[in-house]
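Contents: one structure, followed by commentary.
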Amino acid sequence: MAWTDERIEKLKELWDSGLSASQIAKELAEGVTRNAVIGKAHRLGLKSRPSPVKSDKTKPKAAPKKVVKKETSKFVTLLDLTDRMCKWPHGHPGDDDFHFCGKSSEPGMPYCAAHCAEAYQAQPPRRDRRQQQRAPIR
DNA sequence: CCCTGATTCGC
DNA sequence: GCGAATCAGG
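Numbering (our numbering), first residue to last: 498 to 635.
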């Protein structure tokens with residue numbers, strides 16, 4: 498697929514319109530991918546516009562932030578866990594305060610007694626729950 | 001995971 | 001010159 502003058506014209510037009518490369522690719526169709534669009538746009542010298550990535554690394558990054566953090570991680574992290582530690586999670590994975598309970602687990606159990614109780618509650622039967630709520634006779 | 005444009009490199 | 005693959009960030 499060659500870049501005819503028509504296509505190039507349209508490309509410029511759409512690009513200037515602020516459409517994204519993928520949008521333009523869809524618009525032009527004909528087996529044109531966004532990569533093709535971007536590649537051509539570059540060759541044509543079309544600017545980079547609100548390009549998310551590159552741009553400038555103008556990052557003075559001078560925000561001391563007053564007493565940043567505690568360097569001594571007091572949390573039980575995934576790496577700290579041994580098999581006799583309670584693996585009950587606190588927080589969300591990925592958060593830097595994500596950690597585990599870490600207390601001694603019950604023998605053979607992944608959690609401490611308290612968290613075993615949390616984890617292993619039997620779910621009340623979903624069917625046949627109808628009569629449970631009935632007021633005691635008499 | 002979805003998206004963005006940028007770059008590289010074999011064709 | 002072209003664009004898929006890859007990269008790098010949102």
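Backbone N, C-alpha and C fix where the C-beta goes; we use that ideal spot for every residue, glycine too.
Do you know offhand how far residue i's Cα is from residue j's?
{"i": "Asp502", "j": "Lys523", "result": "18 Å"}
{"i": "Gly515", "j": "His539", "result": "15 Å"}
{"i": "Asp592", "j": "Glu615", "result": "23 Å"}
{"i": "Leu511", "j": "Cys613", "result": "60 Å"}
{"i": "Val573", "j": "Thr579", "result": "10 Å"}
{"i": "Pro604", "j": "Arg581", "result": "7 Å"}
{"i": "Gly542", "j": "Gly528", "result": "22 Å"}
{"i": "Pro590", "j": "Met498", "result": "47 Å"}
{"i": "Asp513", "j": "Gln520", "result": "12 Å"}
{"i": "Tyr608", "j": "Ser601", "result": "8 Å"}
Give the DSSP bridge partners of residue i, in chain order.
{"i": "Met582", "result": "Ser601"}
{"i": "His596", "result": "His587"}
Which word fits residue i, buried or exposed, when buried means at least 16 other C-beta atoms lie within 10 angstroms of its C-beta?
{"i": "His596", "result": "buried"}
{"i": "Ser552", "result": "Any reading at Ser552 needs caution, since the residue's pLDDT is 49, under 50, leaving its predicted position unreliable; the model's value is listed next. Exposed."}
{"i": "Tyr617", "result": "exposed"}
{"i": "Lys571", "result": "exposed"}
{"i": "Ala518", "result": "buried"}
{"i": "Glu506", "result": "exposed"}
{"i": "Leu525", "result": "buried"}
Any chance the CB of residue i is under 8 Å from a heavy atom of the ligand ZN?
{"i": "Met582", "result": "Although the ligand ZN was asked about, the structure shown includes no ligands whatsoever."}
First and last residue of the alpha helix (DSSP H) that includes residue i?
{"i": "Ala499", "result": "Looking at the DSSP string, Ala499 is not in any alpha helix (DSSP H), and its letter there is neither H nor E."}
{"i": "Gly536", "result": "Arg531 to Leu541"}
{"i": "Cys613", "result": "Ala610 to Ala616"}
{"i": "Ala518", "result": "Ala518 to Leu525"}
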